[in-house]
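Trainee: Residues 4 to 856 (our numbering) are what the sequence shown spells out, left to right.
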Amino acid sequence: MRRSFAPSQKSRAVQSTVSGSQTRRRGTSYILQLLNSDSPDCEDSVDSKESCSLKDGFATSSQCSQAQATETMTDSSQDTPISTPTNKRFFNVVYGKQSKKKHKTWEGDGVLEVGDSVVILKDTEGKVIGRASGKKFANIEEGNQFYVGSKEVEILDEISSDSVPFNKQPLKSKENDSKESCPPPKKKQKIEKYGKMFSCPVKSGSVSDAAKGLMMPRPDHDHQWKFNTENAELRDVFIDQRLASKLRPHQVEGVAFLYRCVVGLANTDYLGAILADEMGLGKTLQTITLVWTLLKQGPYGVPLLKRVLIVTPSSLLGNWNQEFQRWLGGRIMVYVVDQKNKFVDYEKQPKTPVIIMSYEMFVRCYTDVSKYKFDLVICDEGHRLKNNAIKASTLLNNIDCKRRIILTGTPIQNNLQEFHALVDFVNPSILGTYSEFRSTYEAPIVAARQPDANAEVKSKGERCAEQLNFKTSGFILRRTQELINKYLPAKHEAVVFCKPTATQKLLYEAAVDFWENRLDNDCAQSPVSHLSILIQLKKISNHPFLIIRHDDGDEDESNAEDSKNDVSKHLTSILESNGGTTENDSSKLNVLAALLNSLRNTNEKVVVVSYYKQTLDLIAAFCEQKQYTYSRLDGSTPATQRTAIIDKFNSSSCRDNVFLLSGKAGGTGLNLVGASRLVLFDSDWNPASDQQAMARIWRDGQSKSVHIYRLLTTGSIEEKIFQRQLSKASLGETVVDFVASNSTVRLSNKELKELFIIHDSKCFTHDLMECTCKGDGTKIPVDGDDKENVELKEDESQLNLKTVQATARANLKMNQLFHWQHHSSPFNSTLLKEMGLEMAESYISFVLRNTTS
């Protein structure tokens with residue numbers, strides 16, 4: 004008898020998604036965008052209903068349709084329901100006119116309200132903009148794009164119902180609301196206490212040599228001429244000793260860089276900066292140090308800052324508050340705007356110098372926020388502002404503040420237009436208007452990257468790239484994680500190639516055959532099928548159960564023809580005819596099961612990352628079946644609960660073995676050092692997203708050796724994604740990857756077939772390397788040295804922005820895999836035991852392994 008693998012009442016309800024034939028039609032150029040772009044909207048837009056209760060194994064579609072109506076599930080770490088088929092769901096979205104353009108122009112921000120069979124699009128004031136109906140909207144995911152009425156919509160993230168702005172109860176009155184929602188400030192927290200931290204600033208020229216190491220750069224004559232109009236006495240500015248003693252050398256350099264920019268020492272006309280350090284280098288601490296220093300000091304005897312606005316993703320609100328308390332304690336007051344602390348109550352403590360709020364809250368409270376004068380605006384995870392048509396970006400640009408800082412650990416890699424938007428936010432007009440920028444820089448640089456570009460075009464492109472680099476390098480700083488490796492415990496990385504099961508091979512080949520048959524039947528003018536197949540292949544690689552399609556019998560007659568060609572329905576019928584599916588039908592899930600079993604009686608915790616909600620639901624069901632307790636954070640987790648969930652998991656007293664993490668909702672900025680192992684269950688097209696996700700546990704505060712596992716289904720589309728990430732040039736030291744913006748080349752049907760086909764090999768990636776090793780872990784000599792590798796990468800990159808040459812060696816590229824251990828099945832008896840995968844040997848074909856210490 005097969006055991007039930009269906010989620011119990013402590014899992015999440017699973018709903019159907021938009022079928023392949025119902026999604027927005029896209030051409031073969033869109034497939035190239037998925038290959039050559041780092042942030043495609045290829046979330047699970049083609050999906051299926053799933054997750055039903057059975058006595059044995061997985062359910063088939065007919066059994067699911069009966070169980071699904073009554074099943075509701077909750078997060079294992081909470082008692083309140085998270086999502087049920089009858090509950091409404093809400094999403095932050097951007098909307099605009101329907102368009103087939105690659106780069107959309109959005110009209111504004113809105114909220115999408117999703118019911119059982121109806122979706123309603125509203126603006127941020129609650130006004131209805133459009134409606135649509137149908138079961139296809141039941142399982143919307145972040146990143147999906149589709150039509151609602153006459154508007155095209157893109158999903159940004161899921162929000163809880165209490166975060167919907169027009170669902171709020173109206174304020175009774177300013178006076179009454181103040182009494183109810185704003186507790187009196189603590190008497191001990193007074194701004195006057197700042198003075199106890201510093202002695203009086205020292206006059207220029209009177210500092211000892213020992214103190215100069217913590218002293219900020221002095222203003223030159225040009226700066227004094229412009230900013231010291233009252234001829235005030237020049238004062239030296241120091242990093243506070245209590246903070247300076249905690250800063251690492253690269254952080255001191257980062258604080259000095261930010262200081263030069265916002266004070267105007269780098270350029271007296273532009274006061275903005277972009278700190279683009281990789282994750283884990285302490286961007287938050289560097290920023291707090293700058294803010295604290297300038298709240299107390301200035302080069303002309305008075306503090307440069309009085310009020311600072313920090314805008315951050317809602318998931319990081321608690322983290323920012325904690326970091327201020329960690330480094331400064333009661334010496335500084337911060338006002339965190341959230342559901343409990345309204346911005347309108349800030350007027351009761353206007354001398355509080357730091358305001359922290361989410362992007363969403365900023366948009367809602369803009370009218371009130373704009374009444375205050377800010378001396379510095381800081382945007383954490385500022386790559387959100389890459390689209391200057393989004394309302395948050397527009398309103399932030401309207402804030403009357405010249406000093407602006409963007410913090411981002413994710414380089415911008417889609418196109419130069421996004422790069423221009425970020426630069427224009429921190430230093431308006433420094434690169435001119437976008438049309439001027441496009442003709443001066445973007446067009447020549449992109450033209451130089453075309454395969455048929457002649458020598459003259461390439462030369463002009465290189466000159467333009469050098470000029471752009473020169474013009475922006477003064478206010479953009481990026482360092483890589485290699486700078487802090489010596490401070491961290493050992494990191495063991497493994498790329499585990501998992502043999503596809505018989506069921507996975509059957510469905511994979513059926514999906515490719517389905518696509519080829521459509522081509523043979525003159526259906527090539529339906530480009531959406533390419534995207535549909537691509538998504539289905541990724542699902543099959545995770546687990547065949549994810550492709551199950553259910554028919555409720557109430558589809559419109561107009562959809563009959565589409566249903567006939569629906570790949571999800573086609574694959575579901577094949578699966579049903581083969582007796583459904585079981586837990587063992589996914590090699591990756593079996594590898595995960597072996598790892599968790601090996602750690603069951605230890606105190607080690609595991610983070611499991613997936614970019615798809617359905618996959619997290621599946622793993623949650625598995626954890627419940629095997630009695631592993633878990634925490635979970637995804638797009639539907641309320642922002643007010645996220646910090647508490649993370650703190651609880653990181654606590655040594657927490658008994659949760661597993662942390663289920665959405666790579667989209669929690670892949671950036673989170674600290675999960677309570678775990679020492681991380682499994683990347685599936686990969687994103689954007690290599691930076693994978694790097695962000697894998698950095699959640701190997702960072703400051705980690706005391707144990709770290710093990711990171713990237714699971715790939717051998718020979719599948721997942722290997723192609725991995726190879727594409729390896730072939731990307733200089734991901735670590737470039738801010739923009741111009742190759743990714745080359746969307747003029749189209750993939751032929753032959754190239755698409757090569758992309759889709761499953762390769763019968765122990766490791767297709769190793770085959771491409773043409774490596775002559777024996778697969779026993781012994782490293783073989785490689786021609787060339789690290790210097791040549793670095794030069795190659797410098798040659799490949801188009802915009803190298805303030806970096807250290809040595810850091811280029813840290814980036815994982817195909818030729819660097821020669822320096823990893825290569826292990827082929829059958830494996831050495833000790834290898835898998837060391838990795839905790841001894842029980843999964845029959846599911847693994849190849850392992851690439853590396854240790855950083």
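Built from N, CA and C at the ideal position, the CB exists for glycine as well.
Residues in the same chain with beta-carbon distance under 6 Å from residue 704, minus the five sequence neighbours each way, listed in chain order, please.
Mentor: Taking the first residue of the sequence shown as 1, we reach residue 704 at position 701. If we look at residue 704 and ignore the five residues flanking it on each side, its Cβ neighbours are 676.
Trainee: Taking the beta strand (DSSP E) that residue 126 falls in, what are its first and last residues?
Mentor: Numbered from 1 along the sequence shown, position 123 holds the residue referred to as residue 126. 121-126 is the extent of the beta strand (DSSP E) around residue 126.
Trainee: Could you name each continuous beta strand (DSSP E) segment of 3 residues or more that falls completely within the stretch 338-403, going from the start of the chain to the end?
Mentor: 357-361 and 379-383
Trainee: Assign residue 822 to one of two classes, buried (16 or more other C-beta atoms within 10 Å of its C-beta) or exposed (fewer than that).
Mentor: Residue mapping note: residue 822 aligns to position 819 of the sequence shown, counting from 1. It is exposed - the Cβ of residue 822 has fewer than 16 other Cβ atoms within 10 Å.
Trainee: Return the first residue and the last residue of the beta strand (DSSP E) that residue 100 is part of.
Mentor: Sequence index remark: in the sequence shown, residue 100 carries index 97 (1-based). Run containing residue 100: 92-100, per the beta strand (DSSP E) assignment.
Trainee: Could you tell me the alpha carbon to alpha carbon distance between residue 320 and residue 387, rounded to whole angstroms?
Mentor: Here residue 320 is taken as the residue at index 317 of the sequence shown, counted from 1. Here residue 387 is taken as the residue at index 384 of the sequence shown, counted from 1. Approximately 16 Å, taken between the alpha carbons.
Trainee: Does the distance from the CB of residue 480 to the CB of residue 278 come in under 7 Å?
Mentor: Numbered from 1 along the sequence shown, position 477 holds the residue referred to as residue 480. Numbered from 1 along the sequence shown, position 275 holds the residue referred to as residue 278. Yes, these two residues count as a Cβ contact at 7 Å.
Trainee: I need the straight-line Cα distance from residue 824 to residue 837, nearest angstrom please.
Mentor: Within the sequence shown, the letter at position 821 stands for residue 824. Within the sequence shown, the letter at position 834 stands for residue 837. Each residue's alpha carbon lies about 14 Å from the other.
Trainee: On the three-pair Cβ rule with 8 Å, is the stretch 229-246 touching the stretch 291-305?
Mentor: The answer is yes - the stretch 291-305 touches the stretch 229-246, with three or more Cβ pairs under 8 Å.
Trainee: Can you check the stretch 470-536 for any alpha helix (DSSP H) of at least 4 residues that lies completely inside it and give the ranges in chain order?
Mentor: 505-523
Trainee: Counting beta carbon pairs with one atom in the stretch 409-428 and one in the stretch 451-458, are three or more of them shorter than 8 Å?
Mentor: no
Trainee: Would you check if the distance between the CB atom of residue 155 and the CB atom of residue 94 is smaller than 7 Å?
Mentor: Residue mapping note: residue 155 aligns to position 152 of the sequence shown, counting from 1. Residue mapping note: residue 94 aligns to position 91 of the sequence shown, counting from 1. No, Cβ-Cβ distance for residue 155 and residue 94 is not below 7 Å.
Trainee: Within a Cβ cutoff of 6 Å, which residues of the same chain sit near residue 641, ignoring the five residues on either side of it in sequence?
Mentor: Here residue 641 corresponds to residue number 638 of the sequence shown, with the count starting at 1. Answer for residue 641: 163, listed in chain order.
Trainee: When you compare each of 712, 246, 569 and 663 to residue 514 by their alpha carbons, which one comes out closest?
Mentor: As a position in the sequence shown, residue 514 is number 511, starting the count at 1. Minimum Cα distance to residue 514 is reached at 569.
Trainee: Counting along the chain, where does the alpha helix (DSSP H) carrying residue 260 start and finish?
Mentor: Here residue 260 is taken as the residue at index 257 of the sequence shown, counted from 1. Per DSSP, residue 260 belongs to the alpha helix (DSSP H) from 252-266.
Trainee: Within 10 angstroms of its Cβ, does residue 101 collect 16 or more other Cβ (buried), or is it exposed?
Mentor: Counting from one through the sequence shown, the residue named residue 101 turns up at place 98. Around the beta-carbon of residue 101, fewer than 16 other beta-carbon atoms lie within 10 Å, marking it exposed.
Trainee: Helix, strand or coil for residue 847? Go by DSSP, reduced to three states.
Mentor: As a first step, residue 847 is located in the sequence shown; it is residue number 844 there, counting from the start. Residue 847: strand per DSSP, three-state reduction.
Trainee: Please say whether residue 612 and residue 698 have beta carbons closer to each other than 7 Å?
Mentor: Position 695 of the sequence shown, counted from the first residue, corresponds to residue 698. Position 609 of the sequence shown, counted from the first residue, corresponds to residue 612. In this structure, residue 612 does not lie closer than 7 Å to residue 698 by Cβ.
Trainee: Just to confirm the assignment, what range does the alpha helix (DSSP H) spanning residue 768 have?
Mentor: Position 765 of the sequence shown, counted from the first residue, corresponds to residue 768. Note, residue 768: alpha helix (DSSP H), 767-772.
Trainee: With a Cβ-Cβ cutoff of 7 Å, do residue 394 and residue 366 count as a contact?
Mentor: Residue mapping note: residue 394 aligns to position 391 of the sequence shown, counting from 1. Residue mapping note: residue 366 aligns to position 363 of the sequence shown, counting from 1. Their beta carbons are under 7 Å apart, which means residue 394 touches residue 366 by this criterion.
Trainee: Is there contact between the stretch 269-278 and the stretch 402-411, where contact requires at least three CB pairs shorter than 8 Å?
Mentor: yes
Trainee: Rounded C-beta distance between residue 595 and residue 510? I'm assuming under 8 Å.
Mentor: Position 592 of the sequence shown, counted from the start, is the residue given in the question as residue 595. Position 507 of the sequence shown, counted from the start, is the residue given in the question as residue 510. 20 Å between Cβ atoms; not a contact.
Trainee: Contact defined as beta carbons within less than 8 Å: I believe residue 828 pairs with residue 765. What is the distance between those atoms, to the nearest angstrom?
Mentor: Here the question's residue 828 lines up with position 825 in the sequence shown. Here the question's residue 765 lines up with position 762 in the sequence shown. The Cβ separation is near 6 Å, so the contact holds.
Trainee: What three-state label does DSSP hand residue 60 in the structure shown?
Mentor: What you label residue 60 is simply residue 57 of the sequence shown in a count that begins at 1. In this predicted model, residue 60 has a pLDDT of only 39, less than 50, meaning its place in the structure is not dependable enough to derive any value.
Trainee: By the 10 Å Cβ neighbour count, where 16 or more other Cβ atoms means buried, how is residue 281 classified, buried or exposed?
Mentor: As a working mapping, residue 281 is identified with position 278 in the sequence shown. Classification for residue 281: buried.
Trainee: State the DSSP-derived secondary structure class of residue 276, mapped to helix, strand or coil.
Mentor: Within the sequence shown, residue 276 is the residue found at index 273, counting from 1. Looking at residue 276 - three-state DSSP - the assignment turns out to be strand.
Trainee: Since residue 549 and residue 542 should fall inside the 8 Å C-beta cutoff, what is the C-beta to C-beta distance between them, to a whole number of angstroms?
Mentor: Counted from its first residue, the sequence shown places residue 549 at position 546. Counted from its first residue, the sequence shown places residue 542 at position 539. Indeed they touch by this definition, with Cβ atoms about 4 Å apart.
Trainee: Pull up the distance between the alpha-carbon of residue 539 and that of residue 422, whole angstroms please.
Mentor: Numbered from its first residue, the sequence shown carries residue 539 at position 536. Numbered from its first residue, the sequence shown carries residue 422 at position 419. If you take the alpha carbons of residue 539 and residue 422, they lie about 33 Å apart.
Trainee: Once you ignore the five residues that flank residue 835 on each side, which residues in its own chain have a CB closer than 6 Å to its CB?
Mentor: Along the sequence shown, read from residue 1 onward, the residue named residue 835 stands at position 832. If we look at residue 835 and ignore the five residues flanking it on each side, its Cβ neighbours are 841 and 844.
Trainee: Judging by CA-CA distance, which residue of 246, 391 and 369 is the nearest neighbour of residue 327?
Mentor: As a working note, residue 327 is residue 324 in the sequence shown. Nearest of 246, 391 and 369 to residue 327, Cα basis: 246.
Trainee: CA-CA distance, residue 826 and residue 850?
Mentor: Numbered from 1 along the sequence shown, position 823 holds the residue referred to as residue 826. Numbered from 1 along the sequence shown, position 847 holds the residue referred to as residue 850. Going by the C-alpha atoms only, they are around 5 Å apart.
Trainee: If you measure between the beta carbons of residue 693 and residue 685, is that distance less than 7 Å?
Mentor: Counted from its first residue, the sequence shown places residue 693 at position 690. Counted from its first residue, the sequence shown places residue 685 at position 682. No. Outside cutoff.
Trainee: Could you work out which residue in 254, 604 and 551 is closest to residue 289 when comparing CA atoms only?
Mentor: Position 286 of the sequence shown holds residue 289. Comparing Cα-Cα distances from residue 289 to each of 254, 604 and 551, the minimum goes to 254.
Trainee: Does the beta-carbon distance from residue 96 to residue 158 come in below 7 Å?
Mentor: Position 93 of the sequence shown, counting from 1, holds the residue named residue 96. Position 155 of the sequence shown, counting from 1, holds the residue named residue 158. Taking 7 Å as the Cβ cut-off, residue 96 and residue 158 qualify as a contacting pair.
Trainee: On the CB-based measure, 16 or more other CB atoms within 10 Å of its CB, does residue 489 come out buried or exposed?
Mentor: Residue numbering aside, residue 489 sits at position 486 when the sequence shown is read from its first letter. Its Cβ having fewer than 16 others within 10 Å, residue 489 is exposed.
Trainee: Reducing DSSP to helix, strand and coil, say where residue 777 ends up.
Mentor: To locate residue 777, count along the sequence shown from 1; it is residue 774. In the structure shown, residue 777 sits in coil (DSSP, three-state: anything other than H, G, I, E or B).
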